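For the protein sequence lines, the chains are A and B, in the order given.
Everything in the first sequence is counted per numbering that gives the first Met the number 0, starting at 0 for the first residue and increasing by one.
Everything in the second sequence is counted per numbering that gives the first Met the number 0, starting at 0 for the first residue and increasing by one.
Remarks on the structure that follows.
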Amino acid sequence: MAKQESKYGVQAGEPVGVIAAQSVGEPGTQMVLRTFHFAGIAASIATSGLPRIIELLDAKKTPSTPISKIYLNESSKKSFAKADEVAKKISEIEMRSITRRIVEDFSKGKILVMLNAQAMQAADLTAGHAAARLKKDLGLDAKVGKHGNIVIGTHTKNLKEVRAIAVKLTKSIVNGIEGAGRAMVAQDQKTQEFYVESAGSNIEPMMEIDGVDSSRIYTNDIFEMYRVFGIEAARTTLALELKKTLEEQEISVNERHIALIADAMTSSGTIQSIGRHGLVGKKESVFARAAFEETVKHLINAAAFGQIDYMRGVTENILVGKQIPLGTGSVKLSIKREEGKKKK
Amino acid sequence: MSRNSVNELLASLGITLNNLPKILVSDPQAQKAGAKVGDVLEMERHDFGKSYTYYRYVVEG
């Protein structure tokens, strides 16, 4: 027993959770509350510092600045041109960003979309390309008309319906993957390989693209990781993101503390937040929950449903003034009856 | 993991199945492994440069 423990360096009954909380919490007080915005560099406007830590620990469904890194397979990662090709396929372009004007012709049931030539050129798109995408996504009869405009036939002369289609049109996507945001090619400092970084996250369709190494795709959206790759991937992402955020602030916390937090948050098979809706709110003991937050609610519920507190945790034992089951307190004394008899 | 090795593991750690971390049957990785409710999945983790084995108990969900 003693040999096994010394191997891990943690004594039995050590309050590892409290130590982890303190180890992250103390340097956390020194973190900047503000989110910095770096002018010019589009890639570095991600949420950082304390707001990001809070976001992670509260297990927010979507991060306020999702970023995904799309790594490429062996044949594509060495060439900028190939990486750029993938980036173009991912980069999300909304219809409204390339249109100059949308004219509805109610008498003929047609919609005329005048395109902004400059924006089109910047996005490296053609009217034909955009029309084809509209046809595919929305099932519209989109054609390229005169002066490079897009003409859409709606098969209806109903004013409301035409207007509804026009509104849908402005929000639709003419290129890339929905939710992917702007994608750019970046280069890894260490390995010199090219990869695509996008300011959004929708990794499932991204994985389908030619040249993408789907096993290395990464997003800072923990719930997306959970949906696509499962709980283990979500845990790893959570730990990595916590570590990265702390390191950005030049705070060094031992990985084991971070790993423990990530483990605790994912131990139920789903992602739980730390707080009254997550880990603490699901505690077994009535007193432990009542001592944390919403005291009356927990006590009344427990009384109404006749819940039993087994007094096995720390909080409830402090509450009633008993020895806590930690450290020395976790050892219980028991006497072997037979041996006692022998001594007599 | 086989029944026997699960029991051995639980005995060596002095815990019950419910003390293990859990994984839902609907989890993509659990489905890939073809896991059923009540199984225990053994996984190799590579965490911050260290590798170790981790176990998850497959539960309904």
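Glycine is no exception: its CB is placed at the ideal position from the N, C-alpha and C atoms.
This structure is a prediction, so every number in the text was calculated from the model and none was measured.
Task: Assigned exposure category for Ala42 of chain A - 16 Cβ within 10 Å defines buried - done: Here residue 42 of chain A refers to the residue found at position 43 of the first sequence. Note that Ala42 of chain A scores a pLDDT of 49, beneath 50, so its modelled location is shaky; the value from the coordinates is reported in the next line. It counts as exposed.
Task: Residues within the stretch 208–226 of chain A neighbouring chain B, beta-carbon criterion of under 9 Å - done: If the cut-off is 9 Å between Cβ atoms, the stretch 208–226 of chain A has Tyr225 and Arg226 near chain B.
Open item on the list: Let's see if you can read the secondary structure: which residues bound the alpha helix (DSSP H) around Glu254 of chain A?
Closed with: The residue given as residue 254 of chain A occupies position 255 in the first sequence. Run containing Glu254 of chain A: Glu254 to Thr265, per the alpha helix (DSSP H) assignment.
TODO: Can you grab the Cα-Cα spacing for the pair Glu247 of chain A / Ile101 of chain A, in whole Å?
DONE: Counting from 1 along the first sequence, the entry for residue 247 of chain A is found at position 248. Counting from 1 along the first sequence, the entry for residue 101 of chain A is found at position 102. If you take the alpha carbons of Glu247 of chain A and Ile101 of chain A, they lie about 45 Å apart.
Open item on the list: Would Gln230 of chain A pass as an interface residue toward chain B - the criterion being a Cβ-Cβ separation below 8 Å?
Closed with: The residue labelled residue 230 of chain A in the question sits at position 231 within the first sequence. The question names Gln, but residue 230 of chain A in the sequence shown is Ile. Interface residue, yes.
Task: Where the alpha helix (DSSP H) containing Leu278 of chain A begins and where it ends - done: The count along the first sequence starts at 1 and reaches residue 278 of chain A at position 279. Element bounds for Leu278 of chain A: n/a, residue is neither H nor E.
Open item on the list: Less than 8 Å between the C-beta atoms of Leu124 of chain A and Ile89 of chain A, yes or no?
Closed with: For the purposes of this step, residue 124 of chain A is identified with residue 125 of the first sequence, where counting begins at 1. For the purposes of this step, residue 89 of chain A is identified with residue 90 of the first sequence, where counting begins at 1. Contact: no.
Task: Cβ-based burial, Leu12 of chain B [other Cβ within 10 Å; buried from 16] - done: On the second sequence, residue 12 of chain B is found 13 positions in, with the first residue counted as 1. Exposed is the call here.
TODO: With DSSP collapsed to three states, give me the class of Asn174 of chain A.
DONE: Residue mapping note: residue 174 of chain A aligns to position 175 of the first sequence, counting from 1. Of the three classes helix, strand and coil, the one that applies to Asn174 of chain A here is strand, per DSSP.
Task: Coarse secondary structure for Ala42 of chain A, derived from DSSP in three states - done: Start at 1 with the first residue of the first sequence, and residue 42 of chain A comes out as number 43. Unreliable positioning characterises Ala42 of chain A in this predicted model, as indicated by a pLDDT of 49, which lies under 50. A coordinate reading is not provided.
Task: Residues that Val58 of chain B contacts on chain A, provided the C-beta gap is smaller than 9 Å - done: As a position in the second sequence, residue 58 of chain B is number 59, starting the count at 1. Result: Ser267 and Gly268.
Task: Through-space distance from Met183 of chain A to Ile69 of chain A, alpha-carbon basis - done: Within the first sequence, numbered from 1, the residue matching residue 69 of chain A stands at position 70. Within the first sequence, numbered from 1, the residue matching residue 183 of chain A stands at position 184. Approximately 10 Å, taken between the alpha carbons.
Open item on the list: Please classify Tyr56 of chain B as buried or exposed, where buried requires at least 16 neighbouring CB atoms within 10 angstroms.
Closed with: If you number the second sequence from 1, residue 56 of chain B lands on position 57. Buried, because 16 or more other Cβ atoms sit within 10 Å of the Cβ of Tyr56 of chain B.
Open item on the list: Less than 8 Å between the C-beta atoms of Pro27 of chain B and Phe291 of chain A, yes or no?
Closed with: Taking the first residue of the second sequence as position 1, residue 27 of chain B is located at position 28. Taking the first residue of the first sequence as position 1, residue 291 of chain A is located at position 292. Against a cut-off of 8 Å, the Cβ pair of Phe291 of chain A and Pro27 of chain B comes out as no contact.
TODO: Give every residue of the same chain whose Cβ lies closer than 6 Å to the Cβ of Ser272 of chain A, excluding the five residues on either side of it in the sequence, and list them in chain order.
DONE: For the purposes of this step, residue 272 of chain A is identified with residue 273 of the first sequence, where counting begins at 1. Taking Ser272 of chain A as the centre and dropping the five residues before and after it, the same chain places the C-beta of Asp57 and Ala58 closer than 6 Å to its C-beta, in chain order.
- [ ] Please report how far the alpha carbon of Asn174 of chain A lies from the alpha carbon of Val23 of chain A, in whole angstroms.
- [x] If you number the first sequence from 1, residue 174 of chain A lands on position 175. If you number the first sequence from 1, residue 23 of chain A lands on position 24. So the two alpha carbons sit approximately 42 Å from each other.
Open item on the list: Would the stretch 75–89 of chain A count as touching the stretch 154–166 of chain A if we require 3 or more Cβ pairs under 8 Å?
Closed with: As far as the Cβ criterion goes, the stretch 75–89 of chain A does not touch the stretch 154–166 of chain A, which means the pair count is below three.
TODO: Could you tell me the distance, in whole angstroms, from the CA atom of Ser188 of chain A to the CA atom of Asn72 of chain A?
DONE: On the first sequence, position 189 is the one that residue 188 of chain A refers to. On the first sequence, position 73 is the one that residue 72 of chain A refers to. Checking the sequence shown, residue 188 of chain A turns out to be Gln, not Ser. Approximately 17 Å between the Cα atoms of the pair.
TODO: Check whether the Cβ of Glu254 of chain A lies closer than 8 Å to any Cβ atom in chain B.
DONE: Taking the first residue of the first sequence as position 1, residue 254 of chain A is located at position 255. Chain B, which has a Cβ nearer than 8 Å to the Cβ of Glu254 of chain A, makes this yes.
Task: Residue of A:Gly12, A:Ile66 and A:Gly16 minimising C-alpha distance to Met224 of chain A - done: As a working mapping, residue 224 of chain A is identified with position 225 in the first sequence. When each option's Cα is compared against that of Met224 of chain A, the closest is A:Ile66.
TODO: Using a Cβ-Cβ cut-off of 8 Å, state whether Lys21 of chain B counts as contacting chain A.
DONE: Counted from its first residue, the second sequence places residue 21 of chain B at position 22. Judged by the 8 Å Cβ criterion, Lys21 of chain B is in contact with chain A.
TODO: Establish whether the CB of Ala10 of chain B and some CB of chain A are separated by less than 8 Å.
DONE: Against the second sequence, residue 10 of chain B aligns to sequence position 11. Judged by the 8 Å Cβ criterion, Ala10 of chain B is not in contact with chain A.
Open item on the list: Only counting the same chain, and skipping five residues up and downstream in sequence, which positions put a Cβ closer than 7 Å to that of Glu203 of chain A?
Closed with: If you number the first sequence from 1, residue 203 of chain A lands on position 204. Taking Glu203 of chain A as the centre and dropping the five residues before and after it, the same chain places the C-beta of Val227 closer than 7 Å to its C-beta, in chain order.
Open item on the list: I need the boundaries of the beta strand (DSSP E) containing Phe193 of chain A, first residue and last residue.
Closed with: To locate residue 193 of chain A, count along the first sequence from 1; it is residue 194. Going by DSSP, Phe193 of chain A is part of the beta strand (DSSP E) stretching over Phe193 to Ser197.
- [ ] Out of A:Ala198, A:Ile250, A:Val211 and A:Leu49, point me to the one whose CA is closest to Lys77 of chain A's CA.
- [x] The sequence position of residue 77 of chain A within the first sequence is 78, counting from 1. Considering only alpha carbons, the answer is A:Val211.
TODO: Measure from the alpha carbon of Asn219 of chain A to the alpha carbon of each residue in A:Ile208, A:Met206, A:Ser197 and A:Asn316, then state which is nearest.
DONE: On the first sequence, position 220 is the one that residue 219 of chain A refers to. When C-alpha distances from Asn219 of chain A are compared across A:Ile208, A:Met206, A:Ser197 and A:Asn316, the shortest belongs to A:Ser197.
Open item on the list: To the nearest angstrom, how far is the alpha carbon of Thr28 of chain A from that of Val295 of chain A?
Closed with: Translated into the one-based positions of the first sequence, residue 28 of chain A becomes position 29. Translated into the one-based positions of the first sequence, residue 295 of chain A becomes position 296. Each residue's Cα considered, the two are about 31 Å apart.
Task: Range of the contiguous alpha helix (DSSP H) that encloses Gly48 of chain A - done: Taking the first residue of the first sequence as 1, we reach residue 48 of chain A at position 49. Run containing Gly48 of chain A: Gly48 to Leu56, per the alpha helix (DSSP H) assignment.
- [ ] Could you list which residues in chain A have their beta carbon closer than 8 Å to that of Ala29 of chain B, in chain order?
- [x] If you number the second sequence from 1, residue 29 of chain B lands on position 30. Under the 8 Å cutoff, chain A gives Gly229.
Task: Partners in chain A for Asp26 of chain B, counting only beta-carbon separations shorter than 8 Å - done: Start at 1 with the first residue of the second sequence, and residue 26 of chain B comes out as number 27. By Cβ distance, chain A contributes Gly229, Ile230 and Gly268.
Open item on the list: So that I know if they touch, is there some Cβ in chain B lying closer than 8 Å to that of Ala11 of chain A?
Closed with: Position 12 of the first sequence holds residue 11 of chain A. Not closer than 8 Å to any Cβ of chain B, the Cβ of Ala11 of chain A fails to qualify, so no.
TODO: For Asp46 of chain B, go through chain C and note every residue whose CB falls closer than 8 Å to its CB, in chain order.
DONE: Annotation note: the requested chain C is absent from the structure, which comprises protein chains A and B.
TODO: Count the other CB atoms, across all protein chains shown, that sit within 10 Å of the CB of Leu276 of chain A; report buried if there are 16 or more and exposed otherwise.
DONE: Here residue 276 of chain A refers to the residue found at position 277 of the first sequence. For the record, residue 276 of chain A in the displayed sequence is His; it is not Leu. Looking at its Cβ environment, which holds fewer than 16 other Cβ atoms inside 10 Å, His276 of chain A is exposed.
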